[in-house]
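So the sequence lines, in the order shown, correspond to chains C and E.
Its first residue numbered 28, the first sequence is counted upward by one per residue in our numbering.
Its first residue numbered 546, the second sequence is counted upward by one per residue in our numbering.
See below for the structure under consideration.
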Amino acid sequence: MDVSSLMTLEEKLKHYGLSSDEHSLAKKIVGDRDLSQIEWALFSSLWSEHCSYKSSKVHLKNLYGKSDVVVSEDGENAGVVDLGLGERVAFKMESHNHPSFIEPFQGAATGVGGILRDIFTMGARPIALSNYLCFGEAGSDRLENLVSGVVSGISFYSNCVGVPNISGQTEFNKTYNTNNLVNAFALGYYGKDDKIVSSKIKTPGHSVVYVGAKTGKDGVHGASMASESFDEGSEAKRPTVQIGDPFFEKLLIESCLEVMKKGLAESVQDMGAAGITSSSFEMSVGGGLGLELDLSRVPLRDQTMNPEEILLSESQERMLMACDPANVDQIKSIFTKWGLEAVVVGKVRREKEIQIFWKGDMVCEIDPANIVEGAPRYERPYEIAPWEESKTGESTDYDLSKVFSSLQGCSREWIFNQYDQRVGAKTVADCLSPIGIVRLPESGRPLGVVLGCRPLLMELSPELGGYDSVLSPAVQLSIKGFKPWAVTDCLNFGNPQKSGIMGEFVSSLRRMSEACELFEAPIISGNVSLYNETEGQNITSTPATCVVGFRDQVLDDETLEKLPESSFKEAGSKILMVETPQLTWSGYAGDMEASEKWGKGELDPQVTKDFCDFLRPLALEGDFKSSKLVSKFGAFYTLTSMMDDDFGVKIKSNVPLPSLKQEKLYQVILEVDADYELPKNDFKVTDLGVVTSDQTLTSGDFQITGEEIRKQKYKGWEKHFGA
Amino acid sequence: MKKIGVVRFLGTNCDQDIFDAVAATEGLQAEWLWYEDKFEAGDLDGVVIPGGFSYGDYLRCGALASKVPVMDSVEELAGLGKAVLGICNGFQVLCERGLLPGVLMRNESLKFIDDWSVLKAEKTESPWSLEGELTMPIAHGEGRYFVPADTLESMKKNGQIWLTYSDNPNGSVDDIAGVLNAGKNVAGLMPHPERAVNSWMGGTDGRKLLERFL
């Protein structure tokens, strides 16, 4: 007997995460009667914030998401863009914040597994991963455990499944002390013969096939867990976190891609949040056809599971396929070859209702569109705080000896040296570079991946932060000759029922979308994670992005010379700083010195766009030996990060060191030939000095060696996390 | 044209990479070998056991793969004196099968390491002989090579130490990155030559190694 049948209505509402208004709406949908046990489970998961996007949908529909290059349909697992020559890529970013805070290793690992399934479920072979991580401040509770757990979880899963991590960003800020962020990005590739596979069922009479791992009790109610704020009882939610098996995932990738390549399945959907419930409902609603689903045929790890648990289990590495019954045997033999199971669990109906069976009885019959499309939509009240220039605040002249060993300024190598960055043999630039680059297998053209969003700028102004989430990656791509092609986002916010937070959501999203439209780089996929709140403390609003860009030049021995590196290449080169002096702000240095945040100036996306359009063709022509966007701690810090093992910098005497410590949007450092002059332009250009071979940065009386910097950067990390 | 078989176990993830690298080497032709199928040892000129998490590294790295049918044929082919190369997980498989001496243990740091490493080619007087320094990526959690002291001595005397790290990343005994069997036709190494076969990958030293099949 199920305990929930003994609960009072109030207890049930809490257990299933529904409000009493939502409960009334649900009752109306099923025909003005009490909900059955199964229906409670269905409404609970499908109406969770995680599955229904009930607070965000009204705003998401206004995003710039369409352009000529978008070739995926709405409502699929990820967006797909065309790159010409028959090549396309699918990509998406997704959060696994809540599970990773409860159980960092498995939470992060299954985050990687989940985002990979979103990609290969569409027929694309995953070729790159990236991750955006936010943790608490130095000394915060469990910091070491969270960082090492999350990093080893990502490392464990992605290394074994065999997809390289090619870029990453890690932020530390006190608003993440009790709610860290783990956002995983994955990108998949289609060659000219590969088809995009839909999740929508299209043909009545087709078989529904369950493939992959068996279903267990892990992750039951995971979707509703991920849609709540945390409280003191969060520890007790550990059993709602799923367990990942990357070996199984690898087999699933190979077998599914083989089935899809042979055209044996008409539609495929992975089982993610809310497991078989949401996958079957999405397939059904997308195609406008119902399904018969016999839960007693679902392969189980635990024979005591009841229908409700089977419906809500979030066991990993499972997929649902719909196919012509004539193909079932062939599909089964492919899965058997890869050591996996494929079981027919139902069929596509001509009618639109989903019928769920358990041991011969029909336990539920419902029109899925009524649940999915009838889900509540909230137009939550919001208040926008438009950007206003700060009245106070002045430039921060930080202590140079502190910056490299600070948590913000220290080395991140400890993190990414645990990731396989080269499996697949396509990696051109790894995590050491601000832009991850893979070479497309058929055409040999390079694709760039850059993450965006600076939480500190979001704290200063959600409007500026929203712009910057797109503009900053766009500049980074452009100075390497890549055109921003399309964007995915992962919108991490606090409690949407607070009008200020909802205002930050609305305003930052609007600005992101505006910037994307300007660059004609559509937002093709994304994920919303709300309720990042623990005991009343909300995170800094963090609309993370990943901008994918594309350099239209085959990469070979000859053109490799033209691709700007991210560290200095040759002694004697001239170092230029080019800038669009728009906004100066307190930045990461201000944060390190714990001074008040301030910002002076404006951010004009059009000016930034012109800046990118000016620099991109030069980068494509090979004018820059190396290039880098000035980011945290200003140009001084950027110059030191370009010194690598071999080179130094001699800064000209007319360039005062303090001026290189300001954080401005946007400045770039370019290494060019000694006699090179930039074409005529409207931007501010400063000749900073020359690249030297003495591995030392010199500015007047000030000197620091590359070795000293490296030592301090490592020490900075070690101080907090050990060697 | 020499025919080189590339073994595929369940879970292997560097198989396509090495297949492509072999196929791109002039004079070599690559052929797939499926783990369940034995093959005719006489039909091939050599075999590569690729890197990458066969059987998810369950039980012990390489332990399960070392027992599947295709390995019987690999052993037969090695017995004919033909060239066998094990890369990373493939090195672990060959050690587990007993075709190479020693074992590979957890890295000293207890963490997975991805990095570029500079290798020194040792004198072996074998078909696998290389010269000077080679730079190649490493990516492993269990690459710490170990053999008992007496075996190590005899391996040294016999010229079975093939490659050593210039900056030991994982705690391997005597900085060992790659070894040969006593017959010097079976070779295993932790670094990934297939990830260093084009300048855009960051280096081309991997080619020198694959050319030893010729």
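Note that CB positions come from ideal geometry on N, CA and C, so glycine has one too.
Beta-carbon contacts of residue i that lie in its chain and below 8 angstroms, excluding the five residues immediately before and after
i, result
"residue 392(C)", "380, 381, 382, 383"
"residue 684(C)", "663, 678, 726, 727, 729"
"residue 282(C)", "238, 361, 362, 364, 365, 367"
"residue 752(C)", "The shown model of chain C, from 28 to 750, leaves out residue 752(C), and the question about it has no answer."
"residue 621(E)", "586"
Which of helix, strand or coil DSSP assigns to residue i
i, result
"residue 437(C)", "coil"
"residue 177(C)", "helix"
"residue 61(C)", "coil"
"residue 730(C)", "strand"
"residue 718(E)", "helix"
"residue 142(C)", "helix"
"residue 539(C)", "helix"
"residue 120(C)", "strand"
"residue 159(C)", "strand"
"residue 511(C)", "strand"
"residue 98(C)", "coil"
"residue 385(C)", "strand"
"residue 736(C)", "helix"
"residue 216(C)", "strand"
"residue 458(C)", "coil"
"residue 691(E)", "strand"
"residue 682(C)", "coil"
"residue 602(E)", "helix"
"residue 23(C)", "Coverage of chain C is limited to positions 28 through 750, which leaves residue 23(C) absent and any answer about it impossible."
"residue 567(C)", "coil"
"residue 734(E)", "strand"
"residue 205(C)", "coil"
"residue 693(C)", "strand"
Unbroken beta strand (DSSP E) run spanning residue i, endpoints
i, result
"residue 237(C)", "234-239"
"residue 685(E)", "678-685"
"residue 574(E)", "573-579"
"residue 627(C)", "626-628"
"residue 193(C)", "192-199"
"residue 603(C)", "601-612"
Range covered by the alpha helix (DSSP H) that runs through residue i
i, result
"residue 617(E)", "614-624"
"residue 650(E)", "Element bounds for residue 650(E): not the alpha helix (DSSP H) but the beta strand (DSSP E), 648-650."
"residue 637(C)", "632-648"
"residue 361(C)", "355-364"
"residue 43(C)", "36-43"
"residue 334(C)", "334-339"
"residue 484(C)", "482-487"
"residue 642(E)", "634-642"
Cβ-based neighbour list, residue i, same chain, cut-off 7 angstroms, excluding 5 preceding and 5 following
i, result
"residue 574(C)", "477, 479, 497, 500, 501, 504, 511, 514, 548"
"residue 624(E)", "none"
"residue 533(C)", "86, 409, 411"
"residue 373(C)", "235, 318, 319, 320, 321"
"residue 28(C)", "With a pLDDT of only 43 at residue 28(C), under the threshold of 50, the placement of this residue in the model should not be trusted; the figure read from the coordinates follows. Nothing listed; no residue qualifies."
Sequence-distant residues of the same chain with beta carbon closer than 6 angstroms to residue i, five excluded per side
i, result
"residue 697(C)", "603, 651, 654"
"residue 287(C)", "150, 224"
"residue 312(C)", "395, 396, 399"
Short CB-CB distance (under 8 angstroms) between residue i and chain D
i, result
"residue 366(C)", "Here chain D cannot be found, since the structure's protein chains are C and E."
- Any 3 or more C-beta pairs closer than 8 angstroms across the region 675-683 of chain C and the region 708-727 of chain C: yes
- Is there contact here, the region 222-234 of chain C with the region 283-297 of chain C, by at least three beta-carbon pairs under 8 angstroms? yes
- Query: Listed in chain order, which residues of the region 566-581 of chain E have Cβ atoms closer than 9 angstroms to some Cβ of chain C?
  - Reply: 566, 579, 581
- Query: Taking contact to mean at least 3 C-beta pairs separated by less than 8 angstroms, is the region 402-417 of chain C in contact with the region 612-628 of chain C?
  - Reply: yes
- Item | Three or more C-beta pairs below 8 angstroms linking the region 158-167 of chain C and the region 183-199 of chain C | yes
- Message: For the pair the region 544-562 of chain C and the region 96-115 of chain C, tell me if three or more CB-CB distances fall below 8 angstroms.
- Response: yes
- Item | Residues from the region 440-451 of chain C in contact with chain E, defined by Cβ distance under 7 angstroms | 444, 445, 446, 447, 448, 449, 450, 451
- Task: Would you be able to state if there are at least three C-beta pairs under 8 angstroms between the region 484-498 of chain C and the region 525-544 of chain C?
- Result: yes
- Query: Between the region 648-661 of chain E and chain C, which residues of the former have a C-beta closer than 9 angstroms to a C-beta of the latter?
  - Reply: 654, 656, 657, 658, 659, 660
- Query: Which of the residues in the region 716-740 of chain E, read from start to end, lie with their CB under 8 angstroms from any CB of chain C?
  - Reply: 737, 739, 740
- Item | Contact set between the region 547-563 of chain E and chain C, restricted to residues whose Cβ is under 7 angstroms from the partner | 555, 556, 558, 559, 562
- Item | Near-chain E residues of the region 572-604 of chain C - C-beta to any C-beta below 7 angstroms | 582, 584, 587
- Query: Pairing CB atoms from the region 164-183 of chain C with CB atoms from the region 120-135 of chain C, are three or more of them under 8 angstroms?
  - Reply: yes
- Take every Cβ of the region 370-380 of chain C, pair it with every Cβ of the region 584-596 of chain C, and state whether three or more of those distances are shorter than 8 angstroms. no
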